[in-house]
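In this note's numbering, the protein residues as written are 377 to 612. Before any comments, here is the structure.
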Amino acid sequence: MKFLSFKYNDKTSYGVKVKREDAVWDLTQVFADFAEGDFHPKTLLAGLQQNHTLDFQEQVRKAVVAAEDSGKAEDYKISFNDIEFLPPVTPPNNVIAFGRNYKDHANELNHEVEKLYVFTKAASSLTGDNATIPNHKDITDQLDYEGELGIVIGKSGEKIPKALALDYVYGYTIINDITDRKAQSEQDQAFLSKSLTGGCPMGPYIVTKDELPLPENVNIVTKVNNELDKMVTLAK
377 MKFLSFKYND
387 KTSYGVKVKR
397 EDAVWDLTQV
407 FADFAEGDFH
417 PKTLLAGLQQ
427 NHTLDFQEQV
437 RKAVVAAEDS
447 GKAEDYKISF
457 NDIEFLPPVT
467 PPNNVIAFGR
477 NYKDHANELN
487 HEVEKLYVFT
497 KAASSLTGDN
507 ATIPNHKDIT
517 DQLDYEGELG
527 IVIGKSGEKI
537 PKALALDYVY
547 GYTIINDITD
557 RKAQSEQDQA
567 FLSKSLTGGC
577 PMGPYIVTKD
587 ELPLPENVNI
597 VTKVNNELDK
607 MVTLAK
């Protein structure tokens with residue numbers, strides 16, 4: 377499944393992409409009319425958090441099938457042309473990121489790749505797919521960008537064995553890691569340089585793990601003002 381959050385007629389909602397259509401099932405409305413019991417999560421994040429005790433995807437499947445069989449399925453679909461994409465989810469805390477995880481990019485920056493480099497980006501820097509981001513020319517002339525795979529964690533844990541790591545992954549998304557390289561070079565930490573307004577475009581979807589079992593085979597394409605800039609195979 378491909379989940380997304382969006383704004384439509386000045387109201388925020390969330391949904392699941394309609395198969396073979398550039399449209400979304402509005403799950404706020406679908407659940408309101410067809411959910412089993414009192415299952416009415418107000419946001420996609422709330423629905424995913426309930427996945428601990430209830431199979432969120434199964435609840436979505438049942439409700440969407442009921443909407444399809446209702447004879448008024450079109451009432452619950454919204455064209456992508458009519459919505460504004462929002463970040464699929466906004467975490468309650470910061471976005472946790474790992475730097476220098478692509479060998480070619482690390483070589484560009486003359487960095488070693490043997491050591492894990494962890495940093496965070498403020499959740500407030502998140503913005504949706506196709507959103508225009510500020511160029512921040514008033515504070516920097518070194519704005520950089522990096523297309524990255526975003527991993528959506530589905531359950532909590534710690535000290536997880538490597539062999540079980542993927543059991544904790546719910547799905548994947550795309551993130552553009554915007555960085556003020558000027559600020560980054562002047563500071564000992566990356567948070568400020570990585571947390572500019574609009575500095576974390578995300579989405580448009582969260583693709584569930586069952587639809588993308590081998591993300592290392594995926595190409596990530598980065599465009600600047602709709603012009604192709606980079607294409608990276610995750611296996612590299």
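By construction, the Cβ of each residue, glycine as well, lies at the ideal position given by its N, Cα and C atoms.
| Item | Value |
| --- | --- |
| What's the gap between the Cα of P467 and the Cα of T404? | 20 Å |
| Are the Cβ atoms of D520 and D556 separated by less than 9 Å? | yes |
| Roughly how many angstroms lie between the CA atoms of N511 and N427, to the nearest whole one? | 38 Å |
| Who does F495 pair with in a DSSP beta bridge? | A473 |
| Assign K491 to buried or exposed, taking buried as 16 or more other Cβ atoms, counted over all protein chains shown, within 10 Å of its Cβ. | exposed |
| What residue from L462, S500, G530 has the CA that sits closest to T584's CA? | G530 |
| When DSSP labels each residue in this structure, what does E434 get in the three-state scheme? | helix |
| If I measure Cβ to Cβ from L462 and keep anything under 7 Å in the same chain, skipping five residues before and after, which residues do I get? | S381, F382, K383, T388, G504 |
| Helix, strand or coil for T573 per DSSP? | coil |
| Roughly how many angstroms separate the alpha carbons of P646 and A539, rounded to a whole number? | Lying before the first or after the last residue shown, residue 646 is absent from the chain, which here runs from 377 to 612. |
| Spatial neighbours of V494 within its chain, please: CB distance less than 8 Å, with the 5 preceding and 5 following residues excluded, ordered by chain position. | I472, A473, F474, G475 |
| Consult DSSP for V583 and reduce its assignment to one of helix, strand or coil. | strand |
| Could you work out which residue in K535, S561, I527 is closest to D517 when comparing CA atoms only? | S561 |
| Classify P524 as buried or exposed, calling it buried when 16 or more other Cβ atoms lie within 10 Å of its own Cβ. | The residue asked about is misnamed: residue 524 is Glu in this sequence, not Pro. Classification of E524: buried, given that the 10 Å Cβ count is 16 or more. |
| Excluding the 5 residues flanking G533 on each side, which residues of the same chain have their C-beta closer than 8 Å to its C-beta? | Y544 |
| Checking the sheet assignment: what are the DSSP bridge partners for T503? | P577 |
| Identify whether G533 lies in helix, strand or coil by the three-state DSSP scheme. | coil |
| By Cβ distance below 6 Å, which residues in the same chain neighbour V597 in space, the five residues on each side in sequence not counted? | M607 |
| Under 9 Å between the Cβ atoms of S501 and G575? | yes |
| Considering only their Cβ atoms, is the gap separating E412 from Q435 smaller than 9 Å? | yes |
| Can you tell me whether G447 is buried or exposed? The criterion is at least 16 other CB atoms within 10 Å of its CB, across all chains shown. | exposed |
| Since I believe L610 is in contact with P591 (beta carbons under 8 Å), could you give me their beta-carbon distance rounded to a whole number of angstroms? | 6 Å |
| With distances taken Cα to Cα, identify the nearest neighbour of D445 among V406, A422, N595. | V406 |
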